[in-house]
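> Would you mind keeping the following structure in view while I ask a few things?
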Amino acid sequence: MTNFAQLFFDATSLGGLYAMAALGIALIFGVMNLVNFAHGEYIAFCVFALIVPSTDAVAVMFLGHAPALILIPVILALGGLVAVASEYAVFRHLRRADPVAMMIASFALGFVIRNALLAAYGGRPKAISLWPGLNMPVNIAGASVPLLQLIVIVTTLLVVTGLALLLKRTRIGLEMRAAAENFTMARLLGVRANRVITGAFALSGALAAAVALIMVTQTGVADVKMGGQIMLVAFIATVLGGLGSLPGAVAAGFLVGIVSVVLQAWLPLEARPFRDAFLYTLVIVCLLLRPQGLFVPASAKPRV
Amino acid sequence: MKRLALASAFAALAWPAMAEDITIGFAIAKSGWMEAYDTPAATAAKIRIYEINANGGLLGRQIKWVEADTKTDRQQSAKAGLQVIDEGADMMIVSCDYDFGAPAALSAEAEGMVSFFLCAEDVKAGIQGVGPHSFSGSVLAAVQGATMAEWSHARRGARTGYVLLDTTIEYNKGICSGFDWMFPRIDGTEIVGRDTFKNDDASIASQITRIKALPDEPDVIMLCSYIPGAASAVRQIRAAGINSLILNGSAVDGSYWLDATPDLSGFAVPVQGSIYGDDPRPEVEAFNQSYEKATGARPASSYAYPGYVLLDLWAKAVERAGSLDGASVTAELERMQGEPTAFGPRTFTADLHHQNFAEMQIVEITNGKPAVADNWTISQPVPLDVLLK
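Just so you know, the sequences run in chain order A and B.
Under this note's numbering, residues 12 to 315 are what the first sequence spells out, in order.
Under this note's numbering, residues 16 to 404 are what the second sequence spells out, in order.
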């Protein structure tokens with residue numbers, strides 16, 4: 012039973028992190044059919060914003076000095092800002108372009124952000140000690156759980172509930188859902204495209220910032236490549252959940268995280284280095300069985 | 016001012032080579048993430064060039080260099096190799112890492128030219144992967160793992176070990192294979208468990224759960240990884256309250272990552288020389304000071320040193336061969352048995368262009384402060400079949 016509780020916390024905290032990243036991608040896909048591959052770079056950008064730009068090996072805290080009550084909103088706003096700025100500078104001009112062109116543009120944007128970080132901070136990973144106390148384990152139901160894991164799980168639940176309320180109860184939420192359903196029709200009915208799209212980018216950027224704060228607290232390092240792996244997992248989760256479906260992205264993000272931890276825990280040692288191969292084989296099987304995604308009604312037409 | 020003087024001396028050396036000059040071709044990463052690793056080692060090589068030139072040069076000729084940027088890209092690496100050959104290189108120095116250096120080294124090999132990896136620690140970066148004229152300036156990863164196995168048992172009484180392997184790159188597997196070869200050979204020791212992870216895993220919570228499920232905390236954890244994954248793993252292991260002595264390879268030398276785990280204690284790595292000013296050999300500290308004069312800062316990790324060592328050894332071989340010919344220089348290099356350098360003796364043979372045996376300084380981190388705790392030479396060289404595993 013102890014083992015099960017431990018597994019539960021390990022799995023849901025990783026799942027929560029993936030779910031938040033997947034939600035950031037699904038939000039933008041919903042309103043403009045864009046798979047934003049620069050999302051991983053937003054994460055890296057927010058992490059590097061904590062330290063002073065310099066190519067020296069030792070990192071000096073910059074925004075990271077601020078107390079949590081100030082730091083969290085500032086980093087979330089910064090994430091939102093960089094996403095909105097990239098929409099304004101790049102994606103707004105491509106709104107009539109086909110989705111493939113936009114996707115390539117997002118790759119290019121990611122490349123630009125990554126290389127700007129390389130130029131400003133150098134290629135060597137940096138150490139950042141943000142809130143080390145949060146990694147201290149607490150005992151719950153016989154499992155030893157770092158406080159951060161609990162925070163991740165609770166934050167994910169709050170974010171998902173908050174977003175659900177926003178989408179269901181507010182005007183901008185209604186407009187976003189309408190835009191996700193049928194963008195052209197929504198515009199004909201008076202939904203302001205710029206407002207909806209900017210809102211989606213701001214939310215998506217803030218989610219990237221939240222993922223950044225969690226990752227840096229967990230790992231203690233900043234690396235220009237750090238967004239890559241999580242972006243890939245999040246993208247797979249959005250496809251698995253059904254492109255354009257927000258609850259689907261969240262559920263699939265959780266699922267990918269949970270399966271990954273369970274495989275790590277249960278696979279025999281010889282097979283463990285191939286954990287990701289097993290994970291993605293399962294993804295392929297799921298997509299073969301339900302190409303429209305796991306968490307959309309079977310009646311929904313495939314969107315890609 | 017001195018820094019400026021040395022910089023301008025470097026700049027003057029980098030002019031296009033004259034016919035009578037010896038030309039060294041650097042096909043290394045001057046941009047992209049690999050740059051942070053290649054530049055320090057290349058700078059160290061240039062310091063040795065500067066010293067040789069100041070002492071009258073090599074074979075009575077001055078050494079100059081040409082450079083081409085691999086941009087941390089395998090395709091660009093091949094192109095950079097060809098470019099420095101076109102510019103008249105007599106010998107080639109390539110990127111630290113096997114994957115990024117090999118394409119350039121292969122173009123040198125095709126010309127029968129001697130090439131040196133700046134700091135590759137995989138046996139493939141040599142005869143076994145590139146060809147008979149390829150060498151590395153560093154010490155094999157397996158030697159580092161074996162050194163930590165023997166040292167931790169002899170000096171810290173380690174009896175139980177746990178192996179945590181980051182499967183991302185070959186270097187990590189090399190460290191763990193050295194540990195796996197040496198540790199069980201020692202009487203009364205046992206490897207009580209093992210696990211794997213990936214360098215960019217967002218969390219290693221389930222790996223930690225497995226360690227905590229052991230009946231007794233292991234005496235040592237052999238972590239085979241590199242930064243950033245290693246720093247992240249150490250942070251998570253210590254946060255979970257696991258106090259075993261953690262061992263790693265040289266890749267995590269340097270104090271720049273220690274903020275990731277404030278007040279870290281009980282973490283040890285083997286290095287070729289200490290960057291912290293406490294190396295027992297005065298030549299090492301003298302080098303650290305020359306490096307500071309040339310660049311304005313001390314080396315950030317011991318990975319600057321192989322650049323200096325390789326140039327020193329190559330120049331000696333050229334002097335003895337009396338020529339720059341690839342085959343003759345290679346033959347002289349292969350005759351080196353315990354050749355003294357500032358960072359310890361080096362040996363090359365016709366089978367191995369790497370160090371499978373070396374004296375290493377053990378740097379231990381205590382309360383967040385790294386310092387040389389000991390030095391250790393493994394009791395026997397790591398055999399070739401372990402290196403090729």
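Backbone N, C-alpha and C fix where the C-beta goes; we use that ideal spot for every residue, glycine too.
Computed from a prediction, not measured in an experiment: that's the story for all the values here.
(1) What first and last residue would you give for the beta strand (DSSP E) that runs through Leu224/A?
(2) Take the Cβ of Glu368/B as the centre, count every other Cβ of all protein chains shown within 10 Å, and call the residue buried at 16 or more, exposed below.
(3) List the endpoints of the continuous alpha helix (DSSP H) containing Ile223/B.
(4) Quick one: is Ala260/A buried, meaning 16 or more other Cβ sit within 10 Å of its Cβ, or exposed?
(5) Determine, using beta carbons only, whether Ala56/B and Gly322/B come nearer to each other than 8 Å.
(6) Would you kindly check if the distance between the Cβ of Ser256/A and the Cβ of Leu304/A is under 8 Å?
(7) Closest Cβ-Cβ distance between Asn146/A and chain B: below 8 Å?
(8) With 8 Å set as the bound, which would you pick, yes or no: does the beta-carbon of Asp109/A sit closer than that to a beta-carbon of chain B?
(9) Kindly indicate which three-state DSSP category Lys137/A falls into: helix, strand or coil?
(10) Taking Cβ-Cβ distances shorter than 7 Å, what residues in chain B pair up with Leu280/A?
(11) Have a look at the DSSP bridge pairing and note the partners of Lys384/B.
(12) Which residues in the same chain have their Cβ closer than 6 Å to the Cβ of Gly146/B, if we skip the five residues on either side of it in sequence?
(13) Does Gln251/B come within less than 8 Å of chain A when only Cβ atoms are used?
(14) Starting from the N-terminal side, write out each stretch of the beta strand (DSSP E) that is 3 residues or longer and does not extend beyond the region 217-276 of chain B.
(15) Apart from the five residues just before and just after Ala248/A, which ones in its own chain have a Cβ nearer than 7 Å to its Cβ?
(16) So, Ala59/B versus Tyr306/B, is the Cβ gap smaller than 8 Å?
(17) Check each candidate in Ser270/B, Ser394/B and Thr345/B and name the one with the smallest Cα separation from Ser316/B.
(18) CB Thr87/B to CB Ser130/B, shorter than 8 Å?
(19) For Glu35/B, which three-state DSSP category applies?
(20) Taking Cβ to Cβ, would you say Ala164/B is nearer than 8 Å to Met197/B?
(21) Quick check on the burial criterion: 16 or more other C-beta atoms within 10 angstroms. Buried or exposed for Thr182/B?
(22) Going by the beta-carbon positions, is the gap between Ala386/B and Tyr291/B smaller than 8 Å?
(23) On the three-pair Cβ rule with 8 Å, is the region 248-264 of chain B touching the region 215-222 of chain B?
(24) Listed in chain order, which residues of the region 237-261 of chain B have Cβ atoms closer than 8 Å to some Cβ of chain A?
(25) Would you tell me roughly how many angstroms separate the C-alpha atoms of Ser343/B and Ala95/B, rounded to the nearest one?
(26) Name, going along the chain, the residues of the region 265-283 of chain B whose beta-carbon falls closer than 8 Å to a beta-carbon of chain A.
(27) Shorter than 8 Å from the beta carbon of Thr292/A to some beta carbon of chain B?
(28) Using only the alpha-carbon positions, how far apart do Ile36/A and Val58/A sit?
(29) If you measure beta-carbon to beta-carbon, which residues of the region 42-68 of chain B are closer than 9 Å to chain D?
(30) Can you tell me which of the three DSSP states Ile393/B falls into?
(31) May I ask you to verify whether the region 187-199 of chain A touches the region 119-137 of chain A, counting CB pairs closer than 8 Å and requiring at least 3?
(32) Please classify Gly41/A: does DSSP put it in a helix, a strand, or coil?
(33) Going along the chain, which residues of its own chain have a beta-carbon closer than 7 Å to the beta-carbon of Arg76/B, five neighbours each way excluded?
(34) Within a Cβ cutoff of 8 Å, which residues of the same chain sit near His76/A, ignoring the five residues on either side of it in sequence?
(35) Could you give the uninterrupted runs of the beta strand (DSSP E) lying entirely in the region 312-370 of chain B, keeping only those of 3 residues or more?
(36) Compile a chain-ordered list of the residues in the region 227-249 of chain A whose CB is closer than 9 Å to at least one CB of chain B.
On the basis of the coordinates in this document:
(1) Segment Ala204 to Thr230 is the alpha helix (DSSP H) holding Leu224/A; no beta strand (DSSP E) there.
(2) The sequence as given places His at residue 368/B; Glu does not occur at that position. Buried: at least 16 other Cβ atoms inside 10 Å.
(3) Per DSSP, Ile223/B is one residue of the alpha helix (DSSP H) stretching across Ala220 to Lys227.
(4) Buried is the call here.
(5) Their beta carbons are under 8 Å apart, which means Ala56/B touches Gly322/B by this criterion.
(6) The sequence as given places Gly at residue 304/A; Leu does not occur at that position. Between Gly304/A and Ser256/A, the C-beta gap is smaller than 8 Å, which places the two residues in contact.
(7) The beta carbon of Asn146/A falls within 8 Å of a beta carbon belonging to chain B, placing the residue at that interface.
(8) Not an interface residue.
(9) Of the three classes helix, strand and coil, the one that applies to Lys137/A here is strand, per DSSP.
(10) Correct list: Arg209.
(11) DSSP lists Thr381/B as partners of Lys384/B.
(12) Counting only Cβ-Cβ distances below 6 Å, and skipping sequence neighbours, we find Glu124.
(13) With 8 Å as the cut-off, Gln251/B counts as an interface residue toward chain A.
(14) Runs of the beta strand (DSSP E) inside the region 217-276 of chain B: 235-239 and 260-262.
(15) Excluding positions up to five away in sequence, the list reads Tyr29, Ala33, Ala260, Ala263, Gly264 and Val267.
(16) In terms of Cβ geometry, Ala59/B and Tyr306/B form a close pair [threshold 8 Å].
(17) Answer by Cα proximity: Ser270/B.
(18) Taking the C-beta atoms as reference points, Ser130/B is found no nearer than 8 Å to Thr87/B.
(19) It is coil, neither helix nor strand.
(20) Cβ distance < 8 Å, so Ala164/B and Met197/B count as in contact.
(21) Label assigned to Thr182/B: buried.
(22) Cβ distance < 8 Å, so Ala386/B and Tyr291/B count as in contact.
(23) Note that the region 248-264 of chain B touches the region 215-222 of chain B; at least 3 beta-carbon pairs, one per stretch, sit closer than 8 Å.
(24) Closer than 8 Å at the C-beta level to chain A, one finds these residues of the region 237-261 of chain B: Ile242, Pro243, Ala246, Ser247, Arg250, Gln251, Ala254, Ala255 and Gly256.
(25) Taking C-alpha positions only, Ser343/B is separated from Ala95/B by approximately 25 Å.
(26) Contact residues of the region 265-283 of chain B toward chain A are Gly269, Ser270, Tyr271, Trp272, Leu273, Asp274, Ala275, Thr276 and Pro277 (C-beta to C-beta distance below 8 Å).
(27) No - not a single Cβ of chain B is within 8 Å of the one on Thr292/A.
(28) Whole-angstrom Cα-Cα distance: 18 Å.
(29) This model lacks chain D altogether, as its protein chains are A and B.
(30) Here Ile393/B sits in coil by DSSP.
(31) Judged by Cβ distances under 8 Å, the region 187-199 of chain A makes no contact with the region 119-137 of chain A, as fewer than three pairs qualify.
(32) Judged by DSSP in its simplified three-state form, Gly41/A adopts helix.
(33) These residues qualify, in order along the chain: Glu35, Asp36 and Ile37.
(34) Excluding positions up to five away in sequence, the list is empty.
(35) Runs of the beta strand (DSSP E) lying entirely within the region 312-370 of chain B and spanning at least 3 residues: none are present.
(36) Per Cβ criterion, the list reads Gln229, Thr230, Gly231, Val232, Ala233, Asp234, Val235, Lys236, Met237, Gly239, Gln240, Ile241 and Val244.
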